[in-house]
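*Asks:* Just dropping this structure here.
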């Protein structure tokens, strides 16, 4: 046993070049930097395996990896190991649309309705949305339709097929072009646009116009036929439980699989080095500073500043060296990726991982790339890491107290009180802490690496802005600047409406429409909506309360924190309360029936195919549940804190001891019957 453990640990922490003919010498600083950072991400930042490649003027000059493709087999990551690239898929969708523009089949600034006649919304402003706005995140769409988009071993295209139908009943959160805020649905619409204009499925388009001419044998989608064993294994958080293959069926948004070498090769297309694939005009347009066209945070030192498809077209820290860098990151539930390129120098780097985070991959990519351009003589030295100055409290002008009040972002709210030059700030991606006024309208935390201030923009809205210098030990630093919250005006409620919403405060609602193959069943939080209510201000979970059963999106925040907006619509049926968000239905947790009720020998899926949830009450708690499931049927059990006890799709186990206060959910096809056996232990 000790020998086996030793072999596995060696495999996990070893980072080796994967392309011997191109590998650099062991004392090469670029190779060493890549090995150290890759190993760090595996050992300290949650990745089970990671892969990277640098391409310079069309040739791979460094290719390596760390960790394991398969923990059980002890198989290391190789250059041929495939990973999901998540939202880096968006640059493929953008390139596909730009290719149509190259061939004069579409124009970027014509209304989308010119090409998608059946694209309609319950908001006349939709007629102003253009393909360009889809690419630069400024369409004004609410954001994302995730329902059944992330499935285990299931490439169901229902979400793609029904998007246009769902949008018909929806509104916009902003005028098209008013500001850019991350929007997944825009790239789903691009995917549909490419299919309609080309007459090919989106997967066929990618194969025909990109993979074949570029000889990308490892760049696939869930709808392609390929050996799934080539994919890096993914694991349940904090365990070695291998998960089924993750299919992101929102392909234009995040569904592409690839390798680091092939992603860097596609990067060559995106920076204008393959004019036989994509014109210089199109690649130059993709690198344009689109974010400047609408409301935006004033600082340009950032890791987010949108181009067309790109997350950043003026990426820090490269802007500090006078180097233009473009970048795109992506995360699925299980895979993480980044692509960073230096167009003026024909250099790109891709970093892909199973587990971890695209932010970690991006920091690694930037630091390795800096080492590489230093070696080439493009820069002379690498600047030292920044050291923030601790906060020194100053006298605060009294007028800043007016910024106290309720603030909202998508799905959340905070109530700020500015008093005696201090703010008790809740979590902003970091632990809750106190901020003190330091002058020039800014408040800083004790260490001085986080700064908040308040901006009133030309749209008349006030925003809380965060400027964060984030350090990751052994990995590096990054700078993020964004509007985190929008100040909300009071929305007085009549007593009856106020009372109804107060009853919903803190309540959980559980998804009914997710297929049982959904990744969400592996983590209950992905299937729940918790409603938080401030009845004095008249808001719930960042939405403005309209009446007893309806609240509409209240936030219009540029960059990221206004993404995935939603309205809340409640209704009652058979004495149970339901919630609908973006066409997806949830049941109130309080109205889920106890498992001990009803027929004790069977459970069935209702005629509408929705999931069947049950509470584990005292009568059934502590007993062993054994389930005989129909073909395609599965079940999951959670404890009282929402922690997964067993999900048969993952574990292949069809029995579980039921924890008191927990939940059981059955899923399958309409009318499916599950035979159950419940025994005392």
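Numbering (the numbering used here), first residue to last: 12 to 692.
By construction, the Cβ of each residue, glycine as well, lies at the ideal position given by its N, Cα and C atoms.
Unbroken alpha helix (DSSP H) runs of length 4 or more, entirely within the region 285 to 309: which are they?
*Replies:* You should have 291 to 297.
*Asks:* Pull up the distance between the alpha-carbon of residue 341 and that of residue 658, whole angstroms please.
*Replies:* Approximately 27 Å between the Cα atoms of the pair.
*Asks:* So, residue 154 versus residue 575, is the Cβ gap smaller than 7 Å?
*Replies:* Cβ atoms of residue 154 and residue 575: closer than 7 Å.
*Asks:* Using 8 Å as the cut-off, can you tell me whether the region 494 to 510 makes contact with the region 442 to 455, which would need three or more C-beta pairs spanning the two stretches below that distance?
*Replies:* They do not touch, by the three-pair rule.
*Asks:* Which first and last residues belong to the beta strand (DSSP E) in which residue 353 is found?
*Replies:* 346 to 353 is the span of the beta strand (DSSP E), which, as asked, contains residue 353.
*Asks:* Considering Cα atoms alone, identify which of 84, 454, 370 and 431 is closest to residue 401.
*Replies:* For the residues 84, 454, 370 and 431, the minimum Cα distance to residue 401 belongs to 454.
*Asks:* So which of 643, 686, 644 and 317 has the shortest CA-CA distance to residue 571?
*Replies:* For residue 571, the nearest C-alpha among the options comes from 317.
*Asks:* Among residues of its own chain, excluding the 5 on either side of residue 462, which ones have a beta-carbon nearer than 6 Å to its beta-carbon?
*Replies:* Excluding sequence neighbours, residue 462 sits near 453, 455 and 478.
*Asks:* Can you check which of these residues, 558, 578, 603 and 579, is closest to residue 586 by C-alpha distance?
*Replies:* Looking at the Cα atoms, 603 is the closest of the given residues.
*Asks:* Mind checking residue 149: buried by the 16 CB within 10 Å criterion, or exposed?
*Replies:* With 16 or more other Cβ atoms within 10 Å, it is buried.
*Asks:* Quick one: measure Cβ to Cβ for residue 77 and residue 53, integer angstroms, because I've assumed they're closer than 8 Å.
*Replies:* Indeed, because the Cβ distance is near 5 Å, the residues count as touching under 8 Å.
*Asks:* Count the other C-beta atoms from every protein chain shown that fall within 10 angstroms of the C-beta of residue 535, then say buried if there are 16 or more, exposed otherwise.
*Replies:* Buried: at least 16 other Cβ atoms inside 10 Å.
*Asks:* Please go through the region 361 to 447 and give each complete beta strand (DSSP E) segment of 3 or more residues, from N-terminal end onward.
*Replies:* Runs of the beta strand (DSSP E) inside the region 361 to 447: 416 to 420, 423 to 427 and 433 to 436.
*Asks:* Please state whether the Cβ-Cβ distance between residue 398 and residue 162 is less than 7 Å.
*Replies:* No. Outside cutoff.
*Asks:* Tell me the rounded alpha-carbon separation between residue 472 and residue 497.
*Replies:* Straight-line Cα distance between these residues: approximately 7 Å.
*Asks:* Per the contact definition of three or more C-beta pairs closer than 8 Å, is the region 671 to 684 in contact with the region 631 to 647?
*Replies:* At 8 Å Cβ cutoff, the stretches touch.
*Asks:* Are the Cβ atoms of residue 429 and residue 446 separated by less than 7 Å?
*Replies:* No, they are not a contact pair.
*Asks:* Quick one, are the C-beta atoms of residue 195 and residue 141 less than 7 Å apart?
*Replies:* The answer is no: Cβ separation not under 7 Å.
*Asks:* Can we count residue 498 as close to the ligand NAP, meaning its CB is less than 6 Å from some heavy atom?
*Replies:* By its list of ligands, the structure shown contains no ligand whatsoever, and the ligand NAP lies outside what it can speak to.
*Asks:* How is residue 100 classed by DSSP in three states: helix, strand or coil?
*Replies:* Of the three classes helix, strand and coil, the one that applies to residue 100 here is helix, per DSSP.
*Asks:* Between which two residues does the beta strand (DSSP E) harbouring residue 276 extend?
*Replies:* Unbroken run through residue 276 is the alpha helix (DSSP H), 271 to 281; no beta strand (DSSP E).
*Asks:* Just how far apart, CA to CA, sit residue 573 and residue 613?
*Replies:* Each residue's alpha carbon lies about 44 Å from the other.
*Asks:* With a threshold of 16 other CB atoms inside 10 Å of the CB of residue 680, please say whether the residue is buried or exposed.
*Replies:* The residue is exposed, with fewer than 16 neighbouring Cβ atoms inside 10 Å.
*Asks:* Taking all protein chains shown into account, do 16 or more other C-beta atoms lie within 10 angstroms of the C-beta of residue 244, making it buried, or fewer, making it exposed?
*Replies:* Buried.
*Asks:* Tell whether a beta-carbon distance below 7 Å holds between residue 226 and residue 284.
*Replies:* Taking 7 Å as the Cβ cut-off, residue 226 and residue 284 do not qualify as a contacting pair.
*Asks:* Are the beta-carbon atoms belonging to residue 383 and residue 365 less than 7 Å from one another?
*Replies:* No, these two residues do not count as a Cβ contact at 7 Å.
*Asks:* Compute the Euclidean distance between the alpha carbons of residue 325 and residue 101, then round it to the nearest angstrom.
*Replies:* So the two alpha carbons sit approximately 18 Å from each other.
*Asks:* Measure the CB-CB distance between residue 696 and residue 308 and report whether it falls below 7 Å.
*Replies:* Residue numbering for the chain in the displayed model covers 12 to 692; residue 696 lies beyond these limits and cannot be assessed.
*Asks:* What first and last residue would you give for the alpha helix (DSSP H) that runs through residue 200?
*Replies:* From DSSP, the alpha helix (DSSP H) with residue 200 extends over 196 to 209.
*Asks:* Provide the residue span of the beta strand (DSSP E) that contains residue 675, from first to last.
*Replies:* 674 to 678 is the span of the beta strand (DSSP E), which, as asked, contains residue 675.
*Asks:* Quick check: the region 206 to 225 against the region 275 to 293, are at least 3 beta-carbon pairs closer than 8 Å?
*Replies:* Touching, yes, given that three or more Cβ pairs across the two stretches are closer than 8 Å.
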